[in-house]
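Chemist:
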Amino acid sequence: MAVPKHLRFFTLFVDGENEVGKVTSVTLPKLDAQNRQLPGGGMMGAVSIDLGLDDSALDASFVMGGAVRELFLKYGGTIDSTLLRFAGEYYTRCRKRPV
Numbered sequence: 016m017a018v019p020k021h022l023r024f025f026t027l028f029v030d031g032e033n034e035v036g037k038v039t040s041v042t043l044p045k046l047d048a049q050n051r052q053l054p055g056g057g058m059m060g061a062v063s064i065d066l067g068l069d070d071s072a073l074d075a076s077f078v079m080g081g082a083v084r085e086l087f088l089k090y091g092g093t094i095d096s097t098l099l100r101f102a103g104e105y106y107t108r109c110r111k112r113p114v
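Set out below in structure tokens:
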């Protein structure tokens, strides 16, 4: 059985500016691979072909505790205009006991 891990000391950096305490939750992207069954000519069965990531595989979202003016000003820019970096620590209370 796996030890439960909790994320703590979580923060968001927007273009290098620390937004500590403003992010309340984050939803990480689901990395789903897109596969297709392809029956080749002369083959007895179908083969699964990897077509890369699904269309919504890299969608992530986060919730801020209020309106952040700086993010509204950067909304609608080019794909590389706003850099977002999430940082935190996984923590568990499990300690190894001496034998």
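Heads up: the sequence shown begins at 16 in this note's numbering, then just goes up one per residue.
We put the beta carbon where it would ideally sit given N, CA and C, even for glycine.
#1: Is it the case that the Cβ atoms of residue 68 and residue 46 are separated by a distance below 8 Å?
#2: Of the residues 102, 58, 41, 52, which one's Cα is nearest the Cα of residue 64?
#3: Determine whether the beta carbon atoms of residue 80 and residue 39 lie at a separation below 8 Å.
#4: Per DSSP, what are the beta-bridge partners of residue 105 in this structure?
#5: 8 Å is my cut-off, CB to CB: does residue 42 come that close to chain C?
#6: With DSSP as the reference, please indicate the residues paired to residue 28 in a beta bridge.
#7: Using the C-alpha atoms, what's the distance from residue 100 back to residue 75?
#8: Quick check on DSSP: helix, strand or coil for residue 86?
Modeler: So, from the data block:
#1: yes
#2: 52
#3: yes
#4: 22
#5: Within the model displayed, chain C is absent; a lone protein chain is all it includes.
#6: 33, 100
#7: 12 Å
#8: helix
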